[in-house]
Amino acid sequence: MIELSLTEFCLLMLIAAFVLVGLFGWVSRFSHWNEERRGRRVRMVCDLCLEVWQDRGREKIRACPGCGRNCERKS
Ligand SMILES: [Zn+2]
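Residue numbering for the sequence shown is 1395 to 1469, as defined by our numbering.
Shown next as structure tokens:
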């Protein structure tokens, strides 16, 4: 068993807390970035009439449901 003084124990807990907060922040940011990327791939906006719709297909160019203009997928 490792002997720890109270000061060492507190310092260790403080460092562990900082590491946990950093790790949580990193995971949260990564998941947010992933969600944003997925949304951008599905969401399409017409440049002409600004109609927004969701398209889960793989085609690069889709016709706008509002005005019929061919719109290119951004990402
Ligand atoms: Zn349109």
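Glycine is no exception: its CB is placed at the ideal position from the N, C-alpha and C atoms.
At a threshold of 6 Å, does R1463 count as lining ligand 1 (C-beta to nearest heavy atom)? The answer is yes for R1463.
Please tell me whether, using a cut-off of 6 Å, the distance from the CB of E1390 to the nearest non-hydrogen atom of ligand 1 is below it. Outside the displayed range of the chain (1395 to 1469) lies residue 1390, so it cannot be described from this structure.
Which residues in the same chain have their Cβ closer than 8 Å to the Cβ of A1457, if we skip the five residues on either side of it in sequence? Around A1457: R1463, N1464 and C1465.
Please name the residue in A1410, R1450 and C1443 whose C-alpha comes closest to that of R1435. Considering only A1410, R1450 and C1443, the residue with the shortest C-alpha distance to R1435 is R1450.
Look at the Cβ atom of C1443, then the Cβ atom of G1460, and state whether they are nearer than 7 Å. Closer than 7 Å, so yes.
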